[in-house]
């Protein structure tokens, strides 16, 4: 499936269920800790420098941001988590928003969890992987900041991530560097394959109006 990444637009920031788009377009969700480089991963994926804004202050975004790509899918940027200086009230607001999004099983079709390749996943990362797993939808893990590792460290770190998050064999773990572009083609390929599979399923079931061309 062809996807014109240059045809990308910000659609809205959702603060609650009333703001969630419910049209037929597929929704691919990106989640990660506040300082893991989530916006940078999205920018690298789209080959756009400042498309998903890189926040100067981590943990300040308590919205779900929607970006429409080629009128075929949404990239859903979930608010970052795990920033220590966020108030309890903000954490509760984040949890309520995230819970309401994941509770609606009609929304996400693919999840992308971004973790730091240099470190063992945190307890918050494990919670988010459980959120993705609970949907029954496919998800993958992107290990960002690969360029900060020595080559001799990569395999052990990836094994630690897979073990800590208890990833099954069919869950893809993509080594990634938003800085260098490593892993971009693999992540893009995963998304395109996912979209292609959804189109094939739709054709086989005879369902129309998917919004995917």
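In our numbering, the protein residues as written are -7 to 205. Idealized CB from N, CA, C, for every residue including glycine. None of the values given here were measured: they were computed from a predicted structure.
Alpha carbons only, please: which of the options is nearest the one belonging to residue i?
i	options	result
residue 71	155, 2, 11, 21	21
residue 35	2, 95, 74	2
residue 150	177, 106, 176	106
residue 38	96, 61, 25	61
residue 97	123, -7, 144, 185	123
residue 115	187, 24, -6, -1	24
residue 13	40, 57, -2	57
residue 17	40, 66, -5, 117	66
residue 108	11, 10, 29, 189	29
How far does the beta strand (DSSP E) with residue i in it reach, from first residue to last?
i	result
residue 19	18 to 24
residue 141	Element bounds for residue 141: n/a, residue is neither H nor E.
residue 68	65 to 69
residue 60	56 to 61
residue 165	165 to 167
On the three-state DSSP scale, how would you describe residue i?
i	result
residue 103	strand
residue 133	strand
residue 6	strand
residue 11	helix
residue 110	coil
residue 189	helix
residue 145	helix
residue 1	strand
residue 51	With a pLDDT of only 48 at residue 51, under the threshold of 50, the placement of this residue in the model should not be trusted; the figure read from the coordinates follows. It is coil, neither helix nor strand.
residue 37	helix
residue 27	coil
Beta-carbon separation of residue i and residue j under 8 Å?
i	j	result
residue 19	residue 101	yes
residue 160	residue 182	no
residue 5	residue 55	yes
residue 44	residue 69	yes
residue 179	residue 166	yes
residue 157	residue 110	no
residue 187	residue 64	yes
residue 132	residue 104	yes
Do you know how far the Cα of residue j is from the Cα of residue i?
i	j	result
residue 78	residue 85	11 Å
residue 135	residue 15	31 Å
residue 8	residue 112	32 Å
residue 90	residue 119	11 Å
residue 174	residue 138	8 Å
residue 162	residue 154	11 Å
residue -7	residue 0	16 Å
residue 170	residue 33	5 Å
residue -2	residue 146	32 Å
residue 73	residue 26	5 Å
residue 80	residue -5	41 Å
residue 185	residue 130	12 Å
residue 176	residue 192	24 Å
residue 203	residue 144	Only weak support exists for where residue 203 lies, its pLDDT of 35 falling under 50; the coordinates are left without a value.
Could you spell out where the alpha helix (DSSP H) holding residue i opens and where it closes?
i	result
residue 95	80 to 95
residue 124	115 to 126
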